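In what follows, a structure is listed as structure tokens, so that the remarks can point back to it.
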Amino acid sequence: MESPVVLIPALRDNYIALLYATDGRSVVIVDPSEAEPAIRYIENRGLQPLAILNTHHHPDHVGGNRELQQTYDLPVYGSAEDRDRIPGLTHPMYDGDTVTPAGLNRRGLVWDIPGHTRSHVAFVFLDDELLFAGDTLFAAGCGRLFEGSAKQMHTSLSRLAELPESTRLFCGHEYTVKNLRFARVVEPENPDIEYKLARAEALREEGEPTLPSTMGEELRTNPFLRVGEPAVRETARAQGVNGDDMVAVFAAIRAWRDRF
Ligand code: ZN
Ligand code: FE
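Note that numbering that gives the first Met the number 0 numbers the sequence shown so that position 185 is 184, with each residue one more than the last.
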């Protein structure tokens, strides 16, 4: 199946995702960091925008909301907890709610996945095997803990890790190469990391996105999904962390990534 998602690079290393409706002509816009690149893409192809989906309130994910809303009169879906933080929010959502912009004809669920922010959500399209994870799960990485605890983030990532391995992961940033270089230090003996790093570097040299990843690849390469693996626990133990405590291992790796 051809991917129903295109990624538009924006700002320095953000991606705006456009998810095509089943008609192939209309789109929802996920995390428009800025309006202009999205509008240009939409106008050049004569597309019909249906809605904006925001994973969280950070400016590099909602910066284009107002202008897009003024241009196209769009509904905006995001966490109800971000009512006062997402510009133009029209559809405050709770965990388990469905996003149903008219014309999309795809079923998308909202999952609360706090940790990066206290009100961060994912948009999960189970039938289409698509995950929009914002700044919670990156290819080979995870978001910084701005408003949440390590325990919260670990719980959120564990929830995403339950998705089928064939699920395609779209996230907010192109951080894959740096994340894999860090992953290699955490797990020097993991050949899947080596292989994926080489491929990611080649893609970046061509100016291509490294996304989507898949949940299967993430389970094999992402240190933040692998805190139960003996090699990762061993690395944490060497830093004086209790290797039997998965949240402690997670917290240590996350703090180490901040210094990397
Ligand atoms: Zn963010
Ligand atoms: Fe971001």
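Virtual Cβ for every residue (Gly too), placed ideally from N, Cα, C.
Bear in mind that the values here come from a model prediction, so they are computed numbers and not experimental data.
Provide the residue(s) that pair with residue i in DSSP beta bridges, ordered along the chain.
i: W110; result: A121
i: R167; result: L129 and T213
i: S155; result: DSSP lists no partner for S155.
i: V226; result: For V226, which the question treats as bridged, DSSP gives no partner whatsoever.
i: A34; result: None, per the DSSP bridge assignment.
i: I41; result: Looking at the DSSP assignment, I41 forms no beta bridge with any residue, so it has no partner.
i: I15; result: I7
i: S25; result: Q47
Mark residue i as exposed unless 16 or more other C-beta atoms lie within 10 angstroms of its C-beta, in which case mark it buried.
i: A197; result: exposed
i: N104; result: exposed
i: F145; result: exposed
i: V120; result: buried
i: E80; result: buried
i: Q151; result: buried
i: N189; result: buried
i: V75; result: buried
i: E186; result: buried
i: S165; result: exposed
i: N101; result: It is Ala, not Asn, that sits at residue 101 in the sequence shown. Flag for A101 reads exposed.
i: P229; result: exposed
i: P163; result: exposed
i: V231; result: buried
i: V184; result: exposed
i: N43; result: exposed
i: S2; result: exposed
i: A16; result: buried
i: T135; result: buried
In terms of alpha-carbon separation, which member of the options lies closest to residue i?
i: V109; options: G102, V123 and G23; result: V123
i: L218; options: R82, R24, G95 and A138; result: A138
i: D111; options: I51, V4 and G133; result: G133
i: H57; options: H115, E193, A254 and E204; result: H115
i: H153; options: L224, R11, T175 and R84; result: L224
i: L159; options: G147, L129 and D257; result: L129
i: R256; options: A16, D72 and A235; result: A235
i: S155; options: S118, K177, G171 and R183; result: S118
i: I38; options: L73, T21, D22 and V231; result: L73
i: A20; options: N43, Q47, P36 and E42; result: Q47
i: G45; options: G23, P91 and G63; result: G23
i: P36; options: G63, P91, K195 and E161; result: G63
i: G77; options: M92, T220, Y71 and L136; result: M92
i: R258; options: N178, H60 and R84; result: N178
i: E161; options: Y40, T213, A149 and E33; result: T213
Given residue i, which residues of its chain have a CB within under 6 Å of its CB, disregarding the five upstream and five downstream residues?
i: V226; result: M245, V248 and F249
i: P211; result: R167, L168 and F169
i: S157; result: none
i: Q68; result: G87
i: D12; result: H172 and E173
Once you ignore the five residues that flank residue i on each side, which residues in its own chain have a CB closer than 7 Å to its CB?
i: R65; result: P86 and G87
i: V240; result: A247, V248 and A251
Going along the chain, which residues of its own chain have a beta-carbon closer than 8 Å to the beta-carbon of residue i, five neighbours each way excluded?
i: P208; result: L6, P8, Y14, E173 and L202
i: G95; result: L108, V109 and W110
i: E200; result: V176
Open item on the list: Would the region 46-64 count as touching the region 17-30 if we require 3 or more Cβ pairs under 8 Å?
Closed with: yes
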